[in-house]
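Residue numbers (the working numbering): -19 to 58. Some notes on the structure that comes next.
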């Protein structure tokens, strides 16, 4: 059963996926997302720190002055 499914995927679906994957417009979109991914990840980490569920931690970030810096860093990656 599993061998039949794998054979179908290799013979029918894989060539279609290869053709779609080699299409230049889709390649450009894929590469654009890959270039933006590090900025998205860094901005997400800042967002996690800003919106931490413990109020004591966010109060500490605010008292030290990091909250405004992290907010600016997060907004610059949006």
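For each residue, glycine too, the CB sits at the ideal point set by N, CA and C.
query	result
At least 3 beta-carbon pairs within less than 8 Å: the region 42 to 57 vs the region 13 to 29	yes
Cβ pair residue 30, residue 50 closer than 8 Å	yes
Endpoints, the alpha helix (DSSP H) within which residue 33 is located	That residue, residue 33, is in no alpha helix (DSSP H); it is neither H nor E in DSSP.
Host alpha helix (DSSP H) of residue 53 (start-end)	46 to 56
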